[in-house]
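Below is one structure, written out as structure tokens; comments come after it.
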Amino acid sequence: MAKIKGHISINIDNCKGCELCIVECPQDSLKMSEHINTQGYHYAVLVQDNCTGCTNCALVCPEAIITVYRESKNKTKKERVAVITNVTENITVNVS
Amino acid sequence: MSDTFNEGITCEFLDDCDIVWDRPDSLLDTRLHYCPGCGHSVVHRLLMEVVDELGIRDRTIGIAPVGCSVFAYNYLNIDMQQAAHGRATAVATGIKRVRPDRIVFTYQGDGDLAAIGTGETIHTVNRGENIVIIFINNGIYGMTGGQMAPTTLPGVKTSTTTSGRDVSIHGHPLKIAEMLALLPGAYYVTRTSVISANHVRKTKKALLKAFKYQMEGKGGVSFVEVVSNCPAGWKMTPVDSNKWLETNVFDNFPLGDIKLPVKD
Ligand SMILES: Cc1ncc(C[n+]2csc(CCOP(=O)(O)OP(=O)(O)O)c2C)c(N)n1
Ligand code: SF4
Ligand code: SF4
């Protein structure tokens with residue numbers, strides 16, 4: 009498994025399926041979902057764990073719905089969490 | 039971890055992560071009405087990034103035009119005034135002269151700024167008003183159903199040039215930025231786009247410069263033209279519309295600085 013350095017979360021309900029983030033991602037980390045959101049659009053999802061947190065997708069996103077994370081340099085070992093993204097509201101669950 | 043993913047993947051160390059990019063605070067948390075992939079939305083966001091970075095939300099006044107961006111005030115959490123078609127720079131002149139402490143900008147399409155508002159635009163720049171003009175050149179009247187704009191390229195089919203723009207009948211694409219740069223009242227004139235992340239970064243830098251010049255009271259108009267798309271009016275997908283911009287429009291509307299401030 010490639011070491012994840014970055015991550016994104018997408019507010020899928022506000023996605024209009026323009027696909028601009030998909031062509032802009034240098035890592036091919038994104039693709040369009042086969043499902044549709046509450047507006048009736050197919051929406052972008054992160055499908056690979058190779059995101060570098062470069063912010064390209066967020067910069068071209070007209071709807072400003074992508075949040076980009078990057079692994080902290082001064083990491084403190086915190087409790088591990090699992091975050092379920094690409095749902096209407098991100099859900100964070102404690103797994104430790 | 040299995041190599042088949044379903045609906046997106048999860049991140050197990052979000053707690054150890056820094057947020058490196060998030061929606062600017064001054065962009066209201068609401069859905070934009072623009073068509074999918076429209077450059078208007080990107081420029082709205084960049085404007086609010088700039089306003090947040092400069093910390094001027096409480097003293098910025100924007101003038102919305104007539105055109106697709108007529109509702110810009112629904113998204114920008116700053117003081118806004120909507121102007122009659124083409125009159126945005128005249129309204130901005132009035133506001134800036136009455137409240138010189140405010141940071142004033144207009145946001146206008148090519149139908150608004152370079153067709154019905156050409157007179158106001160030229161005279162505002164000629165007077166050297168200390169304002170920022172943001173000009174979205176998408177080569178068409180988006181709002182009213184895709185009619186030819188002064189900036190439409192030769193040969194391009196629109197709802198009013200059904201066999202393509204014929205320069206012998208309709209004239210040539212109007213390069214209003216180059217025209218305005220000739221006026222002494224123009225302080226900074228530049229042309230950018232938002233078709234890729236790098237272009238977006240450059241546009242943000244240009245906007246930052248323009249707002250800073252106004253705040254420094256340099257005197258003179260800072261004019262930022264963004265060559266943008268209109269996927270709906272051009273009848274293209276957003277991705278194709280950006281490709282078309284790169285292969286056709288940039289030759290006619292070359293990107294880069296057209297007038298830089300003279301060093302004093
Ligand atoms: C006085 C007046 N004339 C004509 C119109 C019709 N009208 C509305 S928007 C528009 C053109 C807008 O085009 P542009 O400025 O390029 O903006 P876009 O919609 O492409 O962003 C026109 C002609 C109007 N609203 N008012
Ligand atoms: S941040 Fe960069 S690498 Fe990560 S999904 Fe977005 S474009 Fe791809
Ligand atoms: S009609 Fe064109 S300019 Fe207007 S919102 Fe749609 S894509 Fe954007």
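Residue numbers (this note's numbering), protein chains in the order written: chain A, 9 to 104; chain B, 39 to 302. Backbone N, C-alpha and C define an ideal beta-carbon position, used for all residues, glycine too. Quick caveat: nothing in here was measured; it's all calculated off a predicted structure.
DSSP assignment within the segment 125-185 of chain B yields the following whole beta strand (DSSP E) runs of 3 residues or more, N-terminal first: 141-147 and 170-175.
Scanning chain A for C-beta atoms nearer than 7 Å to the C-beta of residue 234 (chain B) yields 32 and 68, reported in chain order. Residue 145 (chain B) sits away from residue 116 (chain B), with the two beta carbons spaced by 8 Å or more.
DSSP places residue 56 (chain B) within a strand segment (E or B) once states are collapsed to three. Residue 78 (chain B): member of the alpha helix (DSSP H) spanning 77-92, first to last residue.
A check of alpha carbon separations from residue 84 (chain B) across B:283, B:249, B:259 and B:255 identifies B:249 as the nearest. It is roughly 24 Å from the alpha-carbon of residue 147 (chain B) to the alpha-carbon of residue 90 (chain B). No Cβ-Cβ contact shorter than 8 Å links residue 154 (chain B) with residue 78 (chain B). Against chain A, the beta carbon of residue 79 (chain B) has neighbours under 7 Å at 70 and 71, listed in chain order. Contact annotation for residue 15 (chain A) against chain B: 49, 52 and 55 [CB-CB distance below 7 Å, chain order].
With a cut-off of 7 Å, the C-beta of residue 270 (chain B) is classified as near ligand 3, since at least one heavy atom of the ligand falls inside that distance. Nearest to residue 63 (chain B) by alpha-carbon distance, out of B:74, B:53, B:75 and B:92, is B:92. No Cβ of chain A is located within less than 8 Å of the beta carbon of residue 145 (chain B). Where residue 43 (chain A) is concerned, there is no enclosing alpha helix (DSSP H), although the beta strand (DSSP E) around it starts and stops at 38-44. Inter-segment contact for the segment 188-203 of chain B and the segment 130-141 of chain B is absent: fewer than three beta-carbon pairs are separated by less than 8 Å. When the beta-carbon positions are compared, residue 52 (chain B) and residue 51 (chain A) stay at least 8 Å from each other. No Cβ-Cβ contact shorter than 8 Å links residue 165 (chain B) with residue 124 (chain B). By the neighbour-count definition (other C-beta atoms within 10 Å, threshold 16), residue 34 (chain A) is an exposed residue. For the 8 Å CB-CB criterion, residue 143 (chain B) and residue 104 (chain B) do not form a contact.
Under the criterion of beta carbons closer than 8 Å, residue 29 (chain A) and residue 65 (chain A) qualify as touching, at roughly 4 Å. Rounded to the nearest whole angstrom, the C-alpha separation of residue 23 (chain A) and residue 109 (chain B) is 20 Å. For residue 76 (chain B), a Cβ of chain A is located within less than 8 Å of the residue's own Cβ.
Around the beta carbon of residue 207 (chain B), fewer than 16 other beta carbons lie within 10 angstroms, which makes this residue exposed. Residues of chain B whose Cβ lies closer than 9 Å to the Cβ of residue 63 (chain A) are, in chain order, 58, 59 and 235. The criterion of a C-beta distance shorter than 8 Å is not satisfied by residue 163 (chain B) and residue 245 (chain B). At least one CB of chain B lies nearer than 8 Å to the CB of residue 57 (chain A). Taking residue 44 (chain A) as the centre and dropping the five residues before and after it, the same chain places the C-beta of 50 and 51 closer than 8 Å to its C-beta, in chain order.
For the C-beta of residue 83 (chain B), the chain A residues within less than 7 Å are, from N- to C-terminus, 72.
At a Cβ-Cβ threshold of 8 Å, residue 293 (chain B) and residue 231 (chain B) count as neighbours. Straight through space, the alpha carbons of residue 42 (chain A) and residue 48 (chain A) are spaced by roughly 11 Å.
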